[in-house]
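Quick notes on the structure that follows.
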Amino acid sequence: MAEQDSAEAKDYSVHIPYERQGFHLKGMDHADWGMQNRMARIFPPATGRTLMLAFDHGYIMGSTAGLERLDLAIPPLLEHADVLMATRGALRAAVPPGHGKAIALRCTAGSSVLDEDMSHEVIGVAVEDAIRMNASCMAVQVFIGAPGERSSIDNLVRTTRYFLLATRMVAELGAAIIKTYYCDSFEKVTAGCPVPVVIAGGKKLPEAEALEMAFRAIREGAAGVDMGRNVFQAQDPPAMIQAIRTVVHQGFSGRQAFEFYEETRRQSK
Ligand code: R5P
């Protein structure tokens, strides 16, 4: 028990009004302190943007090109990411517990690429297990308009209209961050979505194109990127993740980031 304190408490600074601090992410002003704390780990306040490294592909694809040996592929990339987006198994296999990065834990399961209809995922990780992994957020996948969705939505293909609908629906259902693909008129998708949107990279593109896509997404309102194959299948994955970082956190254009990539590759040889 603390000793009795003889000093009188009197410095209340009564002339200094309490500062009302807004939160730096949209849709989060009224979230609880713990939620804001986790979101701030994902989106560092200095830029309000995030660079997520996705390597959860094995949960549907098994051994994936570039990720054959998680323990060799992932450690050189860790220091350059803000967030690690992965399954429990991949984290345990490739990431030392002392790494200090935020975790976006893949929590859905149930489909594989062997199944033509992959839309029947269920929650495969309980909240308690996510807490045990010290996850900052639980990543779930939804398939709007696919057979696995309960009520079907007719005639939707992956157009801007589709992404406008899907991102908005998922945000209104309570998601705190939306990961989606980049599309035409992406600024409408980010404007119409009340919470931060990050893009997935998708299939491997030439490095210059992937960086240009990341640049356009950020310019059009994305709060970050969550890229996997365009990092770990790049010719030089550490150089690539650093180049993406310049787009996300330093305002580099796609072209500047590609020059950075080439220069970083040259220096590392
Ligand atoms: C999809 O949901 C996967 O889980 C990946 O996390 C996501 O697609 C991002 O990886 P990539 O940039 O390789 O598409």
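Per the working numbering, the sequence shown runs over residues 1128 to 1396. Backbone N, C-alpha and C define an ideal beta-carbon position, used for all residues, glycine too.
For Glu1248, same chain residues with a beta-carbon under 6 Å away, outside a window of 5 residues either side, are Thr1235, Gly1237, Ser1238, Gln1268 in chain order. With 5 Å as the limit, the residues whose C-beta approaches a heavy atom of the ligand R5P more closely than that are Ala1181, Asp1183, Ala1327, Gly1328, Gly1329, Met1354, Gly1355, Arg1356, in chain order. Taken through DSSP and simplified to helix, strand or coil, Asp1353 comes out as strand. When His1207, Arg1168, Val1222 are compared, the shortest CA-CA separation from Thr1214 is found for Val1222. Counting along the chain, the unbroken beta strand (DSSP E) around Ala1266 starts and ends at 1264-1266. Sequence-distant partners of Leu1291 (beyond 5 residues in either direction) whose C-beta falls short of 7 Å from its own C-beta, in its chain, are Lys1315, Val1316, Gly1319. Beta-bridge partners assigned by DSSP to Ile1230: Leu1211. Setting aside the 5 residues that flank it on each side, Arg1392 is surrounded in the same chain by Asp1363, Ala1366, each with a C-beta closer than 7 Å to its C-beta; the list follows chain order. Of all alpha-carbon atoms in Tyr1309, Ile1304, Lys1153, Glu1339, the one lying nearest the alpha-carbon of Gly1329 is that of Tyr1309. Boundaries around Lys1306 are those of the beta strand (DSSP E), 1305-1307, since no alpha helix (DSSP H) includes it.
When DSSP states are grouped into helix, strand and coil, Met1179 belongs to the strand group.
Cβ atoms of Ala1335 and Gly1381 come within 8 Å of each other, at about 7 Å. Boundaries of the alpha helix (DSSP H) harbouring Ala1366: 1364-1377, taken from the DSSP string. Between the region 1187-1199 and the region 1253-1264 there are fewer than three C-beta pairs closer than 8 Å, too few to call the two in contact.
Val1324 sits away from Ile1345, with the two beta carbons spaced by 8 Å or more.
Taking C-beta separations shorter than 6 Å and ignoring five residues to either side along the sequence, the partners of Leu1205 in its chain run His1226, following chain order. A direct Cα-to-Cα measurement between Gly1189 and Ala1266 gives close to 18 Å. Between Leu1194 and His1184, the C-beta gap is smaller than 8 Å, which places the two residues in contact.
Here the alpha carbon of Ser1140 sits roughly 44 Å from the alpha carbon of Met1212. Nearest to Cys1264 by C-alpha distance, out of Thr1286, Lys1228, Thr1287, Asp1244, is Lys1228. Per the C-alpha coordinates, the member of Glu1243, Gly1251, Ala1303, Ile1368 positioned closest to Pro1274 is Glu1243.
Between Leu1180 and the set Asp1132, Met1354, Val1374, the nearest pair of CA atoms involves Met1354. Put simply, the backbone Cα of Ser1246 is about 29 Å away from that of Arg1176.
Within the same chain, Cβ atoms closer than 7 Å to the Cβ of Phe1379 are found at Thr1373, Phe1387, the five residues on either side in sequence being excluded. Counting of Cβ neighbours within 10 angstroms places Arg1219 among the exposed residues, the total staying below 16.
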